[in-house]
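A.B. asks: For reference, each letter of the sequence shown is one residue, going 8 to 312 in the numbering used here.
C-beta: ideal position from N, C-alpha, C; glycine also.
Computed from a predicted structure; not experimentally measured.
Below is the structure I would like to discuss, written out as structure tokens.
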Amino acid sequence: MSTKPTIAAISVPFDLGAGRRGASKGPKAIMQAGLLRGLQQMDMTIQHVAEIRLPNDTAAPLPPEVEKNNLKYLAEVIDVNTRLAEQVSNVVEQGQFPLIIGGDHSIAIGTLAGLSEHYSNLGVIWIDAHSDLNTADTSPTGNIHGMSLAISLGMGHPLLTSIKGEQAKVKAENIVLIGSRSLDEGEKKLIRSLGIKCYTMHDIDRKGMAAVMQDAITYISGKTDGVHVSFDVDSLDPLEAPGTGTAVKGGLQFREAHLAVEMLHEAGIVTSAEFVEVNPLLDDNNKTSQLAVGLISSLLGKQIL
């Protein structure tokens with residue numbers, strides 16, 4: 008981003024897409040860790056435009072004809088993501104940069120649905136220990152935060168895939184997975200069959216983060232009309248980011264994560280971002296919330312010198 012955009016921050020204190028409660032407290036913790044103040048100190052214009060939450064932890068009931076399935080809290084996930092999609096779309100319409108603060112990763116369904124109204128060839132950089140490419144048929148848990156990217160590809164319950172239209176919100180060839188290290192068998196098959204670009208931790212270990220990010224940027228920048236960064240803090244090693252509900256050993260180190268987002272900023276291709284899965288109930292002295300603030304700041308242009 009060569010010029011500083013107006014940042015429209017959208018908080019989504021929602022965690023019913025996950026198997027463990029607590030990520031709903033992530034947005035407040037990130038704000039209290041100094042997100043808005045820090046970005047303002049970078050001479051950025053930032054507005055906290057909305058908070059998307061369930062009214063009194065309830066959602067409109069599903070139509071009676073909807074079949075029972077193993078999708079946990081389906082009605083609630085639909086409710087939040089439908090309203091989030093509308094808010095994201097409105098922000099883009101106003102020429103602002105959507106910065107979505109979660110919440111669990113199921114909120115990516117609404118984010119990508121809202122973006123899809125404005126980008127016909129949206130690119131997605133998915134930085135996550137997981138690929139979130141499960142479906143109701145392959146998910147071992149029924150937790151929708153593990154299905155959000157598959158739903159955005161048009162695979163999943165029609166009430167989820169049809170938010171903001173029936174079309175897929177992103178194309179498989181416009182997705183890059185970075186930091187993957189915990190993939191279910193169904194996800195592995197889908198990644199291979201669709202040819203999704205995936206840089207696992209093995210690739211990062213062998214090639215180095217700088218080479219991986221340069222490859223990813225080159226791959227995605229030439230064929231997309233916008234790039235969304237979806238950053239799950241469980242992409243980092245639990246020693247770096249203990250405050251998350253689905254921690255997996257062997258993740259990104261502090262400097263690797265910062266280098267990834269710094270290179271994305273320098274490439275000037277990022278048009279929206281979300282940061283998810285901070286769970287303050289599991290954190291160590293706000294370490295993960297503070298880390299999230301630092302990573303967001305780096306993505307938006309903060310430099311050491």
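1) Going by beta carbon distance, what residues of the same chain come within less than 8 Å of A40, once the five residues before and after it are set aside?
2) Report the partner residues of L129 according to the DSSP bridge assignment.
3) Can you check which of these residues, W133, I85, L61 and D50, is closest to I224 by C-alpha distance?
4) Do you know offhand how far T168's Cα is from I85's?
5) Between the Cα of G117 and the Cα atoms of S187, A36 and N97, which residue gives the shortest distance?
6) Using the C-alpha atoms, what's the distance from G163 back to D239?
7) Going straight from the alpha carbon of P165 to that of D50, what length do you get?
8) How long is the line joining the alpha carbons of G29 and P287, rounded to whole angstroms?
9) With V56 and A120 assumed to form a contact (beta carbons below 8 Å), what rounded beta-carbon distance in angstroms separates them?
10) Could you give the distance in angstroms between the alpha-carbon of T13 and the alpha-carbon of L302?
11) Alpha carbon to alpha carbon, what distance is there between A218 and E247?
12) Touch check for the region 31 to 46 and the region 99 to 110: three-plus C-beta pairs under 8 Å?
13) Using C-beta distances below 6 Å, list every residue in its chain close to S304, excluding the 5 sequence neighbours before and after it, in chain order.
14) Under a Cβ-count criterion, where at least 16 other Cβ atoms within 10 Å of its own Cβ denotes burial, should I311 be classed as buried or exposed?
15) Are G252 and R27 touching if we call contact CB-CB under 7 Å?
16) Are the beta-carbon atoms belonging to H272 and L306 less than 7 Å from one another?
17) Look at the Cβ atom of I203, then the Cβ atom of I182, and state whether they are nearer than 7 Å.
18) Are there 16 or more other CB atoms within 10 angstroms of the CB of A67, so buried, or fewer, so exposed?
19) Under three-state DSSP, which class holds P12?
20) Taking its Cβ as the centre, do 16 or more other Cβ atoms sit within 10 Å of K32, making it buried, or is it exposed?
21) So, are the CB atoms of A115 and S146 less than 7 Å apart?
22) Only counting runs of 4 or more residues, tell me where the alpha helix (DSSP H) segments fall wholly within the region 25 to 81, in order along the chain.
23) According to DSSP, which residues form a beta bridge with A248?
24) Looking only at its chain, what residues have a beta carbon closer than 7 Å to the beta carbon of Y226, apart from the 5 residues adjacent to it on each side?
25) When you compare only the Cα positions, how much space is there between V268 and G250?
26) With DSSP run on the structure shown, which of helix, strand or coil describes D210?
27) Where does the unbroken alpha helix (DSSP H) through F261 begin, and where does it stop?
28) Taking C-beta to C-beta, are G186 and S242 nearer than 7 Å?
29) Give every residue of the same chain whose Cβ lies closer than 7 Å to the Cβ of T207, excluding the five residues on either side of it in the sequence, and list them in chain order.
30) Going by C-alpha to C-alpha distance, which of N141, N128 and P245 sits closest to E192?
31) Which whole runs of the alpha helix (DSSP H) in the region 86 to 123 are 4 residues long or more, in chain order?
32) In the structure shown, what three-state DSSP assignment does E281 receive?
C.D. replies: According to the structure shown:
1) On the sequence shown, position 33 is the one that residue 40 refers to. Result list for A40: N293, S296, Q297, A299 and V300, in chain order.
2) By one-based count along the sequence shown, residue 129 stands at place 122. Bridge partners of L129: G233.
3) Taking the sequence shown and counting its residues from 1, the one referred to as residue 224 is at position 217. For the residues W133, I85, L61 and D50, the minimum Cα distance to I224 belongs to W133.
4) The residue labelled residue 168 in the question sits at position 161 within the sequence shown. The residue labelled residue 85 in the question sits at position 78 within the sequence shown. Using only the alpha carbons, I get a separation of about 10 Å.
5) Position 110 of the sequence shown holds residue 117. The residue with the shortest Cα to Cα distance from G117 is N97.
6) For the purposes of this step, residue 239 is identified with residue 232 of the sequence shown, where counting begins at 1. For the purposes of this step, residue 163 is identified with residue 156 of the sequence shown, where counting begins at 1. Distance between the alpha carbons of D239 and G163: 21 Å.
7) Within the sequence shown, numbered from 1, the residue matching residue 165 stands at position 158. Within the sequence shown, numbered from 1, the residue matching residue 50 stands at position 43. If I take the Cα positions, the gap works out to 43 Å.
8) One-based indexing of the sequence shown puts residue 29 at position 22. One-based indexing of the sequence shown puts residue 287 at position 280. Taking the straight line joining both Cα atoms gives about 7 Å.
9) The residue given as residue 56 occupies position 49 in the sequence shown. The residue given as residue 120 occupies position 113 in the sequence shown. With a Cβ gap of about 18 Å, V56 and A120 do not count as contacting.
10) Translated into the one-based positions of the sequence shown, residue 13 becomes position 6. Translated into the one-based positions of the sequence shown, residue 302 becomes position 295. So the alpha carbons of these two residues sit roughly 18 Å apart.
11) Here residue 247 refers to the residue found at position 240 of the sequence shown. Here residue 218 refers to the residue found at position 211 of the sequence shown. Each residue's alpha carbon lies about 22 Å from the other.
12) yes
13) The sequence position of residue 304 within the sequence shown is 297, counting from 1. The answer, listed in chain order, is G45.
14) To locate residue 311, count along the sequence shown from 1; it is residue 304. Exposed, because fewer than 16 other Cβ atoms sit within 10 Å of the Cβ of I311.
15) Against the sequence shown, residue 252 aligns to sequence position 245. Against the sequence shown, residue 27 aligns to sequence position 20. Closer than 7 Å, so yes.
16) In the sequence shown, the residue the question calls residue 272 occupies position 265. In the sequence shown, the residue the question calls residue 306 occupies position 299. For H272 and L306, yes; Cβs fall inside 7 Å.
17) Here residue 203 refers to the residue found at position 196 of the sequence shown. Here residue 182 refers to the residue found at position 175 of the sequence shown. Their beta carbons are under 7 Å apart, which means I203 touches I182 by this criterion.
18) Here the question's residue 67 lines up with position 60 in the sequence shown. It is exposed - the Cβ of A67 has fewer than 16 other Cβ atoms within 10 Å.
19) The residue given as residue 12 occupies position 5 in the sequence shown. Three-state DSSP puts P12 in coil, outside helix and strand.
20) Start at 1 with the first residue of the sequence shown, and residue 32 comes out as number 25. With 16 or more other Cβ atoms within 10 Å, it is buried.
21) Numbered from its first residue, the sequence shown carries residue 115 at position 108. Numbered from its first residue, the sequence shown carries residue 146 at position 139. Not a contact, by the Cβ cut-off of 7 Å.
22) Taking only runs of at least 4 residues, the alpha helix (DSSP H) segments lying wholly in the region 25 to 81 are 33 to 39 and 42 to 48.
23) Position 241 of the sequence shown holds residue 248. DSSP output for A248 lists no bridge partner at all.
24) Here residue 226 is taken as the residue at index 219 of the sequence shown, counted from 1. If you ignore the 5 residues before and after Y226, its C-beta comes within less than 7 Å of the C-beta of V183 and K204, all in its own chain and listed in chain order.
25) For the purposes of this step, residue 268 is identified with residue 261 of the sequence shown, where counting begins at 1. For the purposes of this step, residue 250 is identified with residue 243 of the sequence shown, where counting begins at 1. If I take the Cα positions, the gap works out to 20 Å.
26) The residue labelled residue 210 in the question sits at position 203 within the sequence shown. It is helical.
27) Within the sequence shown, the letter at position 254 stands for residue 261. F261 to A274 is the span of the alpha helix (DSSP H), which, as asked, contains F261.
28) For the purposes of this step, residue 186 is taken as the residue at position 179 of the sequence shown. For the purposes of this step, residue 242 is taken as the residue at position 235 of the sequence shown. In contact: G186 and S242 (Cβ atoms closer than 7 Å).
29) In the sequence shown, counting from the first residue as 1, residue 207 sits at position 200. Around T207: S187 and R188.
30) Here residue 192 is taken as the residue at index 185 of the sequence shown, counted from 1. Of N141, N128 and P245, the smallest CA-CA separation from E192 is found for N141.
31) List check, alpha helix (DSSP H) in window: 115 to 123.
32) Position 274 of the sequence shown, counting from 1, holds the residue named residue 281. Three-state DSSP puts E281 in a strand.
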